[in-house]
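Novice: Protein chains in written order, with the working numbering: chain F, 19 to 218; chain L, 19 to 218. Backbone N, C-alpha and C fix where the C-beta goes; we use that ideal spot for every residue, glycine too. Pasting a structure here, questions to come.
2 protein chains.
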Amino acid sequence: MKYPKGSKKVIRSTTSNEKIATYGNRGMDLEKEINETNQYYLEKDIAVIYKKPTPIKVVKMANTKTQQGIIKEAFFEMPSTTDYNGIYKLKYIDFEAKETLSETSFPLNNIHQHQIDHIRRIHHHGGICFLIVRFKKLNLTYLLFAKDFLHFIDENKRKSIPLEYFKIKGHLIKDKFLPRVDYLSIIDQEGCNYDAVEKD
Amino acid sequence: MKYPKGSKKVIRSTTSNEKIATYGNRGMDLEKEINETNQYYLEKDIAVIYKKPTPIKVVKMANTKTQQGIIKEAFFEMPSTTDYNGIYKLKYIDFEAKETLSETSFPLNNIHQHQIDHIRRIHHHGGICFLIVRFKKLNLTYLLFAKDFLHFIDENKRKSIPLEYFKIKGHLIKDKFLPRVDYLSIIDQEGCNYDAVEKD
C-alpha cells in the first residue's frame with residue numbers, strides 16, 4: 019500500500035549526500051519492521067497484534083461489468099485511532115509508530131489530535147498504550163508509554179518532544195535480528211510497574 | 019464506504035413483496051447499528067471499540083499535480099482479522115458481525131478461514147471474542163462466544179450453524195433504543211463465567 023505522502027517527503031528534505039547516508043543506515047522502514055515483528059509474535063504464539071488498514075474514502079466504483087468491484091476514485095482518510103492494536107498476556111495493547119529525520123526532537127505534528135484523544139482514552143481504560151518513535155539518523159528507537167507522552171503534552175506548550183525526554187522517560191528498543199523491533203520485551207520489563215502506574 | 023457486494027445482493031435475492039417486507043422490518047443495517055453503539059460506548063466512557071477499516075489494495079495513484087493523493091485504481095481485500103476490536107473493563111474485546119436472510123441457519127461461508135484462525139487465536143490468548151449474527155427476516159440478533167462457535171465448527175461438518183444452536187448456545191441481544199445493539203450487557207452477564215470457561 020502506497021501512501022500519498024511518505025518516503026518521498028523524506029528524500030526531498032535531505033541533500034543528496036544526506037540521502038545516501040540516510041539510505042545507507044536506514045535498513046527497512048519502521049512500519050515494515052514492526053509488521054515483521056508482529057508476524058513473528060503471531061507465529062510464535064506470543065501475541066496477536068495487527069496494523070489496522072489505512073482508512074479510505076471511496077468516491078467512485080467502476081460501473082462496467084468487466085470492472086465490477088474495482089475502485090476508480092478514492093482518498094486516504096485521517097485515522098481516528100492509532101495504527102496498531104491487539105492482545106498480549108491477556109492485556110489490550112495499543113500503539114502508534116513514527117519515524118523522524120530530526121536528530122534533536124520528535125515533532126508533535128506527527129500525531130494528530132484524534133490520535134492523542136484515543137491514546138488518552140486507552141490509557142484511562144487501562145490498556146497498555148505507547149508510542150514507538152525512531153530517530154532515523156541516530157538509529158535510535160524508543161518506546162514511550164502513554165503516561166509519559168500525555169504528561170509531556172499536558173505540561174508543555176512545545177511543538178516537539180526533545181530527544182532528551184525520550185532518553186530519560188522512554189525505553190530504548192535495541193536492534194535485534196529476530197524479532198526486529200522487540201517492543202514486547204519492554205512491556206515485560208515494565209509490566210508490573212505499569213499496572214501500579216495505572217492506579218495513579 | 020461502499021462495498022462491492024452488499025445490500026444490492028440482498029435486494030436481488032428477494033422477490034418484490036419480500037423486498038418491501040424486509041425493508042419494512044430491517045431498520046438500519048447491523049454494521050451501522052453497531053457503529054452507533056460503539057459511538058455511544060465511547061461517549062459514555064464505557065468502552066473503546068472501533069470497526070477496522072476495510073483493507074484496500076491500491077494499484078494506481080493519480081500522477082498529475084492537481085490530483086495528487088487521489089487513488090485511481092484499487093481493490094477491496096480479504097480482511098485477515100475480524101472487523102471490530104477494542105478494550106472494555108481492562109479486557110481485550112474482538113468480534114465479527116454478520117447478517118443473514120436465512121430463517122433457519124447461518125451460512126458459514128460468511129466467515130472465511132483467516133477469520134476463523136484469528137478467532138481461535140484470540141480465544142486462546144484469553145480475549146473476549148464472539149460473533150454477532152442477525153437473522154434479518156426474524157429480527158433476531160445473537161451473540162455467540164468464540165468457545166461455542168469453535169466447538170460447532172470443530173465438531174460438525176455442516177456448512178451452516180442452525181438457528182437452534184444460537185437459541186441454545188447463543189445469547190439474544192434485545193433491540194434497544196440506546197444503545198441499539200447493547201452487546202456489552204451480554205458480556206456483563208456472562209463475564210464471570212467467561213473467565214472460568216477460558217481455563218477449560
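Output, in sequence order along the chain, the residues in the stretch 43-73 of chain L whose CB is closer than 9 angstroms to any CB in chain F.
Specialist: Under the 9 angstroms Cβ criterion, the stretch 43-73 of chain L contributes Leu60, Asp63, Ala65, Val66, Tyr68, Lys70, Pro71, Thr72, Pro73.
Novice: Would you say tyrosine 110(F) lies against chain L (beta-carbon separation less than 7 angstroms)?
Specialist: Taking Cβ atoms only, chain L reaches closer than 7 angstroms to tyrosine 110(F), which makes this a yes.
Novice: Buried or exposed for aspartate 166(L), going by 16 or more other Cβ atoms inside 10 Å?
Specialist: Its Cβ being crowded by 16 or more others within 10 Å, aspartate 166(L) is buried.
Novice: Quick check: threonine 287(L) and leucine 181(L), are their CB atoms within less than 7 angstroms of each other?
Specialist: Residue numbering for chain L in the displayed model covers 19 to 218; residue 287(L) lies beyond these limits and cannot be assessed.
Novice: By the DSSP assignment, the alpha helix (DSSP H) with threonine 55(L) in it spans what residues?
Specialist: Segment 48-61, the alpha helix (DSSP H) holding threonine 55(L).
Novice: For arginine 139(F), go through chain L and note every residue whose CB falls closer than 7 angstroms to its CB, in chain order.
Specialist: The contacting residues are Val66.
Novice: For arginine 152(L), report the span of its beta strand (DSSP E) as first-last.
Specialist: First-last of the beta strand (DSSP E) with arginine 152(L): 146-153.
Novice: Scan the stretch 89-103 of chain L for residues whose Cβ lies nearer than 9 angstroms to a Cβ of chain F and list them as they occur along the chain.
Specialist: Those residues of the stretch 89-103 of chain L that come within reach of chain F (Cβ to Cβ, closer than 9 angstroms) are Ile89, Lys90, Glu91, Ala92, Phe93, Phe94, Glu95, Pro97, Ser98, Thr99, Asn103.
Novice: Report yes or no: do three or more beta-carbon pairs, one from the stretch 105-119 of chain F and one from the stretch 142-153 of chain F, lie closer than 8 angstroms?
Specialist: With the cut-off at 8 angstroms, the stretch 105-119 of chain F and the stretch 142-153 of chain F touch.
Novice: In chain order, what residues of the same chain have a beta carbon less than 7 angstroms from the beta carbon of arginine 198(F), not counting five sequence neighbours either side?
Specialist: Result list for arginine 198(F): Glu51, Glu54, Thr55, in chain order.
Novice: In three-state terms, what does DSSP make of histidine 189(L)?
Specialist: In the structure shown, histidine 189(L) sits in a strand (DSSP, three-state: E or B).
Novice: What residues from chain F crowd round isoleucine 105(L), counting only those whose CB sits closer than 7 angstroms?
Specialist: The answer, in chain order, is Tyr110, Ile140, His143, Gly145.
Novice: When the Cα atoms are used, what is the spatial distance from serine 178(L) to isoleucine 134(L)?
Specialist: Their backbone Cα atoms lie some 14 angstroms apart in a straight line.
Novice: Give me the Cα-Cα distance between lysine 194(L) and asparagine 103(L), rounded to the nearest whole angstrom.
Specialist: So the two alpha carbons sit approximately 22 angstroms from each other.
Novice: Taking the alpha helix (DSSP H) that alanine 164(F) belongs to, which residues open and close that run?
Specialist: Counting along the chain, the alpha helix (DSSP H) containing alanine 164(F) begins and ends at 164-173.
Novice: Under a Cβ-count criterion, where at least 16 other Cβ atoms within 10 Å of its own Cβ denotes burial, should threonine 188(F) be classed as buried or exposed?
Specialist: Checking the sequence shown, residue 188(F) turns out to be glycine, not threonine. Counting Cβ neighbours within 10 Å, glycine 188(F) comes out buried, since at least 16 surround it.
Novice: Isoleucine 89(F) lies in the beta strand (DSSP E); which residues open and close that run?
Specialist: From DSSP, the beta strand (DSSP E) with isoleucine 89(F) extends over 88-94.
Novice: Work out the CA separation of leucine 202(F) and lysine 162(F) for me, nearest whole Å.
Specialist: The displayed chain sequence assigns leucine, not lysine, to residue 162(F). Near 13 angstroms, if we compare the C-alpha coordinates of leucine 202(F) and leucine 162(F).
Novice: Between the Cα of phenylalanine 124(L) and the Cα atoms of Asp200(L), Gln207(L), Val76(L), Lys155(L), which residue gives the shortest distance?
Specialist: Checked all of Asp200(L), Gln207(L), Val76(L), Lys155(L); the closest Cα to phenylalanine 124(L) is Lys155(L).
Novice: Alpha carbons only, please: which of Leu108(F), Thr100(F), Asp200(F) is nearest the one belonging to lysine 164(F)?
Specialist: Per the sequence shown, residue 164(F) should be read as alanine rather than lysine. Cα-wise, what sits closest to alanine 164(F) is Thr100(F).
Novice: Can the beta-carbon of proline 73(F) be found closer than 7 angstroms to that of proline 71(L)?
Specialist: In contact: proline 73(F) and proline 71(L) (Cβ atoms closer than 7 angstroms).
Novice: Under a Cβ-count criterion, where at least 16 other Cβ atoms within 10 Å of its own Cβ denotes burial, should phenylalanine 94(L) be classed as buried or exposed?
Specialist: Buried, since its Cβ has 16 or more Cβ neighbours within 10 Å.
Novice: State the DSSP-derived secondary structure class of lysine 75(F), mapped to helix, strand or coil.
Specialist: In the structure shown, lysine 75(F) sits in a strand (DSSP, three-state: E or B).
Novice: Is the Cβ of alanine 39(L) closer than 7 angstroms to any Cβ of chain F?
Specialist: For alanine 39(L), the predicted structure reports a pLDDT of 37, less than 50, and the residue's modelled location is therefore unreliable. A value from the coordinates is still provided. Chain F, which has no Cβ nearer than 7 angstroms to the Cβ of alanine 39(L), makes this no.
Novice: Decide if histidine 132(L) is buried, meaning its Cβ has at least 16 other Cβ atoms within 10 Å, or exposed.
Specialist: Exposed.
Novice: Out of curiosity, what's the CA-to-CA distance linking lysine 78(F) and glutamine 86(F)?
Specialist: Approximately 12 angstroms between the Cα atoms of the pair.
Novice: Following the continuous alpha helix (DSSP H) through aspartate 112(F), name the residue where it begins and the one where it ends.
Specialist: Careful: aspartate 112(F) lies outside any alpha helix (DSSP H), inside the beta strand (DSSP E) at 109-118.
Novice: According to the neighbour-count rule (16 or more other Cβ atoms, all chains shown, within 10 Å of its Cβ), is leucine 48(F) buried or exposed?
Specialist: Leucine 48(F) comes out buried.
Novice: For isoleucine 89(F), tell me which candidate among Ser98(L), Thr84(L), Val76(L) has the shortest Cα-Cα distance.
Specialist: When only C-alpha atoms are compared, the closest one is Val76(L).
Novice: With C-beta atoms as the reference, is isoleucine 105(F) less than 7 angstroms away from histidine 141(L)?
Specialist: No, they are not a contact pair.
Novice: DSSP three-state label for leucine 158(L), please.
Specialist: Strand, per DSSP.
Novice: To the nearest angstrom, report how far apart lysine 185(L) and lysine 175(L) are at their CA atoms.
Specialist: C-alpha separation (whole angstroms): 20 angstroms.
Novice: Considering only the beta carbon of each residue, do alanine 65(F) and tyrosine 59(F) sit closer than 7 angstroms?
Specialist: The answer is yes: Cβ separation under 7 angstroms.
Novice: Would threonine 159(F) be called buried (16 or more neighbouring beta carbons within 10 Å of its own) or exposed?
Specialist: Result: buried.
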